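Visitor:
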Amino acid sequence: MFSSRAAVVAAALAASSLIAGGLADATTTSAPSDQVSTDGAGRVIAVEPGTPVAAPNGASTASAAQAHTAKLAQQFGLSVGELVLSDVRQLPGGSVARLQQKINGVPVFGAQVVQDLDASGALLAAVGKTSQRSTGAFPAVGATAQAKASTAAVAAVAAKDSTAKGLRADAVQNYWYDSSLATDGAPAAAVPAYFVPVHGADPEDKWTVVVGAESSKVLTVWGETKHAVNRVVCDANRKIVDLDVATEADIRCGAGLAFGPTRSEGQAAVATADVNKVYDYFGAAQSFYSKYTGYDLTANIGANFNDGKGKALRGTVRMCEISTGRDGLRHQQCPWANAFWDGEQMAFGEGVTTMDITGHELTHGVTQHTSALAGGYAAAINEGMSDVFGKFIALKSNDPNAAGANRWLLGAGSSLGQVRDMKTPANSGEGPGPDRVNGQYWVGPDGEEHTDAGVVGKVDYLITDGDTFNGQTIRGIGEDKAIALWWKVENLLRSTATFKDLGNALNTACTTNARAKVAGTTTSDCTQVAKAVKATQLNQNA
């Protein structure tokens, strides 16, 4: 439930451009004034210069990012491959530039350094992690090896989930894979690997399987499905969809598709309450992201099914389902008690249509297109980020389901009842979750991802409203500053981020927001954020 233009940098830069803002010269990893954070194995995960490092005069944001790259490669211990500029995104007060580590032109999954730049392109901080060494090579006859990888991937998913039906492997992607990038433990070598997407008959069933390119051995498996202006909303009218055989096309909302439009952009309200609610909630989410982050939700995560409706936020409501359960029997749900984001649109069971649930699912789409959090600890952080922004969308829209005692309850007012309590995760309706890293109910990287998401909700509550918790008394910084903080974090995290990376990103984001005075953030606010990070033990190795 609630379950998705590279430019090669210059090899060397003049020493004067590297030390202008306080970084050390080319013979030194860090200047004495730099603040450097490391993980449990001593790998650098953040560098904050004592003073901002100026960009070359007149440089564009991309050029500024490139000018900082050679030094950052040195500071983050890049000893193999190169850092390549993969994305630049404008944020309030400046921008972030994402650098991707590549070896022989192939990306290292999760090996990224994200630069936090002010409006002039000066470097305020950098966070991330790189792979320190590699071993092996991709097979010369790639097609044969990829075919073996696809077969191994389907078998691995079948072994992991015996209820999954109709498994098929899609196009394989080449990556270098370093398992230690998703942990705080000892470094490992990056190995050549094939990332194999596997789909099931049920549109909710998606996995990524990582298979060694040389060995055809499965290295890891994780689920991809994320459980959910121009708007298109379709009413399934309680039609039962057989999820054992259904594909994405079987739930698509649009003209001439599985479900025809019931209400499209600009049309008046219709008789079906769920349709009108989702239409309004899509609008609220679009307005929230536009106003508070400058992010165009429709343009970035909307789907165009070539039905004349254009790129739109789309959702199918009042869907029912029948599927084979883990007991081997067929079960029918009508109404269906679930909702999900399938990578292109949303699907809702009847009554599972609150503003925070809708915002949660849409934020999975945002994360899919920004930090791309996936697998292990990152999957739990992904769920937590969706909780955070789903809740902020409801709060800023004055949603009555988020008022009073429901302020930090996710899903209150839905047919499901509250599913997570962000203030007190142990009281979550879906099941108890932890309120701190390594605390009670903590399940770790191989557990159910919604459980450890409780820590993310708890730290959001502490940062926003404040409280006394785990030996720390925190003054809340308020909604506007907290939203700006979390949006910076969303853009700083890398795809295999750990909870310690999250804690570090919260502190770094606050410091750089304070420097740029984003949303009025102050250094005093950052003291409170640091207390919340400590209280929830996000400064610990998990």
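Residues -20 to -1, 1 to 522, numbered by mature numbering (1 follows the signal peptide of the UniProt record, and there is no 0), are exactly what the sequence shown covers, in order. We treat Cβ as the ideally placed atom computed from N, Cα and C, and that holds for glycine. These numbers come from a predicted model, not from an experiment.
1) Closer than 7 Å by C-beta to F285: which residues in its own chain qualify, once you throw out the five before and the five after it? Chain order, please.
2) In three-state DSSP terms, what is N154?
3) Which residue comes first and which comes last in the alpha helix (DSSP H) that contains K403?
4) Among the candidates N217, G146, L389 and H430, whose CA atom is the shortest distance from the CA of residue 541?
5) In three-state terms, what does DSSP make of A396?
6) Decide if K514 is buried, meaning its Cβ has at least 16 other Cβ atoms within 10 Å, or exposed.
7) S75 by DSSP, collapsed to three states: which one?
8) If I measure Cβ to Cβ from residue 523 and keep anything under 7 Å in the same chain, skipping five residues before and after, which residues do I get?
9) Between A39 and the ligand ADP, is the CB less than 6 Å from at least one heavy atom?
10) Buried or exposed for N378, please, with buried defined as at least 16 other CB atoms from any protein chain shown within 10 angstroms of its CB.
11) I'd like to know if the segment 349 to 359 and the segment 310 to 323 are in contact, where contact means that at least 3 CB-CB pairs between them fall below 8 Å.
12) Is it true that the CB of A138 sits closer than 7 Å to the CB of A149?
13) Work out the CA separation of L293 and N280 for me, nearest whole Å.
14) To which residues of the same chain is K376 closer than 6 Å at the C-beta, ignoring the five residues directly before and after it?
15) Could you tell me whether the segment 414 to 422 touches the segment 434 to 453, where touching means 3 or more Cβ pairs closer than 8 Å?
16) G331: which of S195, A106 and A216 sits nearest, CA to CA?
17) Between the C-alpha atoms of W467 and V121, what's the straight-line distance to the nearest angstrom?
18) In the DSSP assignment, find the beta strand (DSSP E) that holds G192 and state where it starts and stops.
19) Keeping to the same chain, check which residues put their C-beta closer than 7 Å to that of V68; ignore five residues upstream and five downstream.
20) Below 6 Å CB to CB, which residues in the same chain sit around residue 523 once its five sequence neighbours on both sides are set aside?
21) Could you work out which residue in A327, G308, W202 and M299 is closest to P315 when comparing CA atoms only?
22) Apart from the five residues on each side of it in sequence, which residues of its chain come closer than 7 Å, Cβ to Cβ, to W422?
23) Cutting at 6 Å between CB atoms, please list the residues of its own chain near residue 524, excluding the five before and the five after it.
24) When DSSP labels each residue in this structure, what does V439 get in the three-state scheme?
25) Please state if the CB of V191 and the CB of V201 are separated by a distance shorter than 7 Å.
26) Can T110 and L58 be called in contact, C-beta distance under 7 Å?
27) Would you list, in sequence order, the uninterrupted beta strand (DSSP E) runs of no fewer than 3 residues that lie entirely inside the segment 60 to 147?
28) So what does DSSP say about Y275, is it helix, strand or coil?
29) So, is T503 buried or exposed, given that buried needs 16 or more other C-beta atoms within 10 angstroms?
30) DSSP three-state label for E228, please.
31) Evaluate the contact criterion for the segment 244 to 252 versus the segment 445 to 455: three or more CB pairs, one atom per stretch, below 8 Å.
32) Taking all protein chains shown into account, decide if N318 is buried (16 or more other Cβ within 10 angstroms of its Cβ) or exposed.
33) What are the boundary residues of the alpha helix (DSSP H) that C300 is part of?
34) Taking the C-alpha atoms as reference points, what is the distance between G116 and A489?
35) Tell me which residues share the same chain as F262 and place their Cβ nearer than 6 Å to its Cβ, disregarding the 5 neighbours each side in the sequence.
36) For the segment 341 to 349 against the segment 401 to 411, do three or more pairs of beta-carbon atoms, one drawn from each stretch, fall closer than 8 Å, so that the two count as touching?
Guide: In this structure, then:
1) Contacts found: R232, G234 and L237.
2) If DSSP states are grouped into helix, strand and coil, N154 belongs with the strands.
3) Per DSSP, K403 is not a residue of any alpha helix (DSSP H), being assigned neither H nor E.
4) Residue 541 lies beyond the stretch modelled for the chain, which goes from -20 to 522, so this question has no answer here.
5) The residue you asked about is not Ala; residue 396 is Leu in the sequence shown. Here L396 carries a coil assignment [DSSP, helix/strand/coil].
6) Buried: at least 16 other Cβ atoms inside 10 Å.
7) Strand.
8) The structure shown has nothing for residue 523, since the chain only spans -20 to 522.
9) For the structure depicted, the ligand ADP is absent and the ligand set is empty, with no information on it obtainable.
10) It is exposed - the Cβ of N378 has fewer than 16 other Cβ atoms within 10 Å.
11) Using a C-beta cut-off of 8 Å, the segment 349 to 359 makes no contact with the segment 310 to 323, since fewer than three inter-stretch Cβ pairs fall below that distance.
12) Taking 7 Å as the Cβ cut-off, A149 and A138 do not qualify as a contacting pair.
13) Roughly 10 Å between the two C-alpha positions.
14) Closer than 6 Å at the Cβ level, and outside the excluded window around K376, lie F268.
15) The answer is yes - the segment 434 to 453 touches the segment 414 to 422, with three or more Cβ pairs under 8 Å.
16) Considering only alpha carbons, the answer is A216.
17) About 43 Å.
18) Where G192 is concerned, the enclosing beta strand (DSSP E) starts and stops at K186 to G192.
19) The answer, listed in chain order, is T41, A42, A45, S75 and A77.
20) Since the first residue shown for the chain is -20 and the last is 522, residue 523 is missing from the structure and cannot be characterised.
21) That would be M299, whose Cα lies nearest to the Cα of P315.
22) If we look at W422 and ignore the five residues flanking it on each side, its Cβ neighbours are P414 and D432.
23) This structure gives no information on residue 524, because the portion of the chain shown stretches from -20 to 522.
24) In the three-state scheme derived from DSSP, where H, G and I count as helix and E and B as strand, V439 is classed as helix.
25) For V201 and V191, no; Cβs fall outside 7 Å.
26) Yes, Cβ-Cβ distance for T110 and L58 is below 7 Å.
27) For the segment 60 to 147, whole beta strand (DSSP E) runs of length 3 or above, ordered along the chain, are 62 to 71, 74 to 83, 86 to 98 and 103 to 109.
28) In the three-state DSSP reduction, Y275 falls in the coil class, being neither helix nor strand.
29) By the neighbour-count rule (16 or more Cβ atoms within 10 Å), T503 is not buried but exposed.
30) When DSSP states are grouped into helix, strand and coil, E228 belongs to the helix group.
31) These segments do not touch.
32) Under this definition N318 is a buried residue.
33) Premise fails: C300 lies in the beta strand (DSSP E), C300 to T304, not in any alpha helix (DSSP H).
34) Taking the straight line joining both Cα atoms gives about 37 Å.
35) Hits under 6 Å: R211 and L293.
36) Output reads no: the segment 401 to 411 does not touch the segment 341 to 349.
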